[in-house]
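Have a look at the structure below, then the notes.
Number of protein chains: 2
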Amino acid sequence: MAKVAIVGSGFIGRAWAITYARAGYEVTLWDKLDGAPEAAISYIGDVLGDLEANDLLNGQAPAEVLARVSSQKRLAEALDGALHVQENAPEQIELKQSLWSEMDEIADPQTILASSTSALLPSKFTEHLKGRDRCLVAHPINPPYLIRAVEVVPSPWTSDDAMEKTRQLMIKAGQQPIMMTGEIDGFIMNRLQGALLEEAFRLVDGGHASAEDVDIGIREGLAARWAFMGPFETIDLNAPAGVRDYAQRYQGMFANMFTQMLTRVNWDGPVMDAVESNRRERLPANKLEERQKWRDRRLMALASHKRQQEAKLGE
Amino acid sequence: MAKVAIVGSGFIGRAWAITYARAGYEVTLWDKLDGAPEAAISYIGDVLGDLEANDLLNGQAPAEVLARVSSQKRLAEALDGALHVQENAPEQIELKQSLWSEMDEIADPQTILASSTSALLPSKFTEHLKGRDRCLVAHPINPPYLIRAVEVVPSPWTSDDAMEKTRQLMIKAGQQPIMMTGEIDGFIMNRLQGALLEEAFRLVDGGHASAEDVDIGIREGLAARWAFMGPFETIDLNAPAGVRDYAQRYQGMFANMFTQMLTRVNWDGPVMDAVESNRRERLPANKLEERQKWRDRRLMALASHKRQQEAKLGE
Numbered sequence: 002m003a004k005v006a007i008v009g010s011g012f013i014g015r016a017w018a019i020t021y022a023r024a025g026y027e028v029t030l031w032d033k034l035d036g037a038p039e040a041a042i043s044y045i046g047d048v049l050g051d052l053e054a055n056d057l058l059n060g061q062a063p064a065e066v067l068a069r070v071s072s073q074k075r076l077a078e079a080l081d082g083a084l085h086v087q088e089n090a091p092e093q094i095e096l097k098q099s100l101w102s103e104m105d106e107i108a109d110p111q112t113i114l115a116s117s118t119s120a121l122l123p124s125k126f127t128e129h130l131k132g133r134d135r136c137l138v139a140h141p142i143n144p145p146y147l148i149r150a151v152e153v154v155p156s157p158w159t160s161d162d163a164m165e166k167t168r169q170l171m172i173k174a175g176q177q178p179i180m181m182t183g184e185i186d187g188f189i190m191n192r193l194q195g196a197l198l199e200e201a202f203r204l205v206d207g208g209h210a211s212a213e214d215v216d217i218g219i220r221e222g223l224a225a226r227w228a229f230m231g232p233f234e235t236i237d238l239n240a241p242a243g244v245r246d247y248a249q250r251y252q253g254m255f256a257n258m259f260t261q262m263l264t265r266v267n268w269d270g271p272v273m274d275a276v277e278s279n280r281r282e283r284l285p286a287n288k289l290e291e292r293q294k295w296r297d298r299r300l301m302a303l304a305s306h307k308r309q310q311e312a313k314l315g316e
Numbered sequence: 002m003a004k005v006a007i008v009g010s011g012f013i014g015r016a017w018a019i020t021y022a023r024a025g026y027e028v029t030l031w032d033k034l035d036g037a038p039e040a041a042i043s044y045i046g047d048v049l050g051d052l053e054a055n056d057l058l059n060g061q062a063p064a065e066v067l068a069r070v071s072s073q074k075r076l077a078e079a080l081d082g083a084l085h086v087q088e089n090a091p092e093q094i095e096l097k098q099s100l101w102s103e104m105d106e107i108a109d110p111q112t113i114l115a116s117s118t119s120a121l122l123p124s125k126f127t128e129h130l131k132g133r134d135r136c137l138v139a140h141p142i143n144p145p146y147l148i149r150a151v152e153v154v155p156s157p158w159t160s161d162d163a164m165e166k167t168r169q170l171m172i173k174a175g176q177q178p179i180m181m182t183g184e185i186d187g188f189i190m191n192r193l194q195g196a197l198l199e200e201a202f203r204l205v206d207g208g209h210a211s212a213e214d215v216d217i218g219i220r221e222g223l224a225a226r227w228a229f230m231g232p233f234e235t236i237d238l239n240a241p242a243g244v245r246d247y248a249q250r251y252q253g254m255f256a257n258m259f260t261q262m263l264t265r266v267n268w269d270g271p272v273m274d275a276v277e278s279n280r281r282e283r284l285p286a287n288k289l290e291e292r293q294k295w296r297d298r299r300l301m302a303l304a305s306h307k308r309q310q311e312a313k314l315g316e
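These protein sequences, in sequence, are chains A and S.
Take 2 as the starting number for the first sequence in this note's numbering and just add one per residue.
Take 2 as the starting number for the second sequence in this note's numbering and just add one per residue.
Given below as structure tokens:
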């Protein structure tokens with residue numbers, strides 16, 4: 002089976018390793034830090050058990066999937082013969098530039114090099130590379146084995162061939178690729194998240210809502226439909242004749258709001274006192290870690306629910 | 002048991018009737034149109050069967066809940082002795098003003114009058130009323146028996162007592178009220194939805210994404226966490242030291258985007274051709290109704306999933 006190399010075995014690298022191994026790829030981990038891949042493999046073993054319990058291993062046994070994951074001490078050995086390299090280093094531009102120089106020198110010419118970065122445009126760390134046409138970003142929402150969206154982002158010099166190979170790999174890995182036509186700050190998902198958060202901070206800043214009010218409005222309100230349809234399908238089904246009908250009926254209602262939204266809010270300004278104190282009332286700082294574990298269990302249960310419903314009622 | 006009157010028995014009125022009857026209230030329907038309440042009651046019977054099948058009736062039999070729903074031919078009889086009136090008339094200001102004059106004249110002085118409006122500020126149809134202090138908006142996301150958020154919105158003259166009684170009623174009815182301190186265009190939820198949609202349309206308008214790309218990014222990406230946490234809890238758990246840490250780490254990444262977002266997009270302008278053709282490729286116009294039924298089944302399954310998970314892992 003084809004091989005995928007994971008460069009950087011922290012939380013994103015590990016999650017990618019699970020994703021690719023579940024789909025049948027041979028996965029080789031490498032990390033700058035000695036011992037890190039071994040820690041990752043032990044972590045992966047635990048997660049595979051949970052995934053099996055939630056029927057998220059496509060009928061495979063955890064040991065069968067785990068047997069596809071190994072590690073290498075040297076980057077060259079990790080990359081050797083790989084179809085695809087998934088890089089998950091810290092979001093520091095100098096570090097990425099130097100790592101990508103090394104990866105581009107070592108990797109076979111036909112190997113695709115993909116970064117998991119959420120914050121850096123691919124042009125910023127690939128411009129100087131000889132093989133820059135096979136370089137791109139494949140940005141997941143962590144963890145990709147539960148959350149399927151992946152933004153595939155080309156730099157101005159990424160080849161169509163590299164984009165197409167990545168698209169096919171993502172589909173084989175069980176992901177839903179968003180194929181971008183160019184790079185743009187925040188890609189698609191962080192722009193949508195940013196726009197929503199900006200209005201959320203503005204509502205708190207204006208004294209109209211608490212952080213918890215916003216969370217109720219999304220978690221007990223809007224996100225119920227968004228979680229299986231997205232916002233465009235939601236409005237397409239919310240007016241008798243579809244999305245154009247919706248825009249014609251309701252844009253007027255929204256128009257007033259938009260003139261009130263054309264200013265920036267400093268998230269870390271005075272509004273943060275209100276947001277932070279509301280959050281800490283609901284969740285003390287010393288419970289953050291425990292709550293992250295709860296989130297991971299809820300995410301896994303939701304992914305399992307979605308699979309079941311798609312099998313039963315359709316996607 | 003206390004009585005709730007439903008004024009207007011279309012899709013929102015029916016859904017409220019189910020919500021209140023499930024919680025044990027006696028529900029009386031009234032509609033301007035003869036025969037409409039009877040049609041609503043027949044519809045309610047069908048939905049109650051589906052709710053029982055999804056374990057969403059709190060252990061009650063459908064017939065038991067249905068027995069609490071009745072109708073009246075005259076508005077005065079429908080309102081007589083009601084604790085709370087939930088009005089669901091069309092979103093036309095003159096119609097609401099005249100209906101609310103009649104309701105305020107007829108209803109006992111201690112009855113709370115609530116509108117389900119999403120588009121009209123409560124001050125616009127209650128200013129002229131003698132009992133305007135007991136008038137407010139209780140805006141659901143339809144259907145409230147599956148989606149718990151309700152915005153409770155006061156006009157400048159709504160009494161604290163009316164707000165508090167409505168808050169208590171909503172909690173007893175199984176909802177999660179968002180208690181607003183004043184009226185504002187779009188309340189909380191439509192402002193958040195509007196901000197997200199505005200950026201979604203801008204991304205399509207700029208050629209960066211298709212409508213489906215946006216839907217993937219939300220449905221297979223961001224909304225997985227939002228559906229059980231909301232956006233503030235999401236970022237609170239996405240940085241080691243919580244929400245302030247998140248803002249300090251990532252606001253810089255978002256800052257560039259915001260300067261690109263300070264313009265308006267006309268949803269019904271040229272961008273709509275791209276959005277509509279992408280939607281119609283995925284879902285022909287003659288399949289809209291069938292897909293709405295699919296949506297309703299998926300929503301019910303998701304509501305059931307959330308209840309189960311909350312019982313098992315906590316809210």
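Beta carbons: idealized from backbone N, C-alpha and C, even for Gly.
All values derive from a computational prediction rather than experimental measurement.
Range covered by the alpha helix (DSSP H) that runs through residue i
i	result
residue 107 of chain S	94-107
residue 198 of chain S	190-206
residue 256 of chain S	244-260
residue 209 of chain S	Neither: residue 209 of chain S is in no alpha helix (DSSP H) and is coded neither H nor E.
residue 63 of chain S	63-67
residue 276 of chain S	272-283
residue 314 of chain A	289-314
residue 42 of chain A	37-54
residue 169 of chain A	161-173
residue 18 of chain A	12-23
Local Cβ density within 10 Å of residue i, reported as buried at 16 or more and exposed below that
i	result
residue 88 of chain S	buried
residue 169 of chain S	exposed
residue 191 of chain S	buried
residue 232 of chain A	buried
residue 2 of chain S	exposed
residue 182 of chain A	exposed
residue 49 of chain S	buried
residue 4 of chain S	buried
residue 271 of chain S	exposed
residue 129 of chain A	exposed
residue 309 of chain S	exposed
Residue i: CB within 8 Å of a non-hydrogen atom of the ligand HEM
i	result
residue 220 of chain A	Summarising the ligand content, the structure contains no ligands, and the ligand HEM is consequently not present.
Residue i at chain A interface by Cβ criterion, 9 Å
i	result
residue 17 of chain S	no
residue 201 of chain S	yes
residue 319 of chain S	Beyond the ends of chain S as shown, which are 2 and 316, falls residue 319 of chain S; an answer cannot be given.
residue 24 of chain S	no
Proximal residues of chain A, C-beta to C-beta of residue i below 9 Å
i	result
residue 289 of chain S	237, 238, 241, 242, 243
residue 115 of chain S	Result: empty, since nearest Cβ-Cβ is about 17 Å, beyond 9 Å.
Residue range of the beta strand (DSSP E) that includes residue i
i	result
residue 29 of chain S	27-31
residue 139 of chain A	136-141
residue 1 of chain A	Residue 1 of chain A is absent from the structure shown; chain A starts at 2 and stops at 316.
residue 2 of chain A	Careful: residue 2 of chain A lies outside any beta strand (DSSP E) and carries neither H nor E.
residue 150 of chain S	150-155
residue 88 of chain S	85-88
residue 71 of chain S	70-72
Residues that residue i contacts on chain A, provided the C-beta gap is smaller than 8 Å
i	result
residue 249 of chain S	269
residue 216 of chain S	230, 231, 232, 233, 234
Distance between residue j and residue i (C-alpha atoms, nearest Å)
i	j	result
residue 236 of chain S	residue 265 of chain S	27 Å
residue 135 of chain S	residue 80 of chain S	14 Å
residue 146 of chain S	residue 52 of chain S	9 Å
residue 267 of chain A	residue 280 of chain A	18 Å
residue 127 of chain A	residue 141 of chain A	19 Å
residue 74 of chain A	residue 47 of chain A	23 Å
residue 35 of chain S	residue 76 of chain S	12 Å
Within chain S, partners of residue i - CB distance below 8 Å
i	result
residue 225 of chain A	142, 147, 148, 228, 300, 303, 304
Within chain S, partners of residue i - CB distance below 7 Å
i	result
residue 265 of chain A	259
residue 295 of chain A	314, 315
Minimum Cβ-Cβ distance from residue i to chain S less than 9 Å
i	result
residue 279 of chain A	yes
residue 191 of chain A	yes
residue 198 of chain A	yes
residue 83 of chain A	no
residue 210 of chain A	yes
residue 282 of chain A	no
Output, in sequence order along the chain, the residues in the segment 157-184 of chain A whose CB is closer than 9 Å to any CB in chain B.
Structure shown: chain B not included; protein chains present are A and S.
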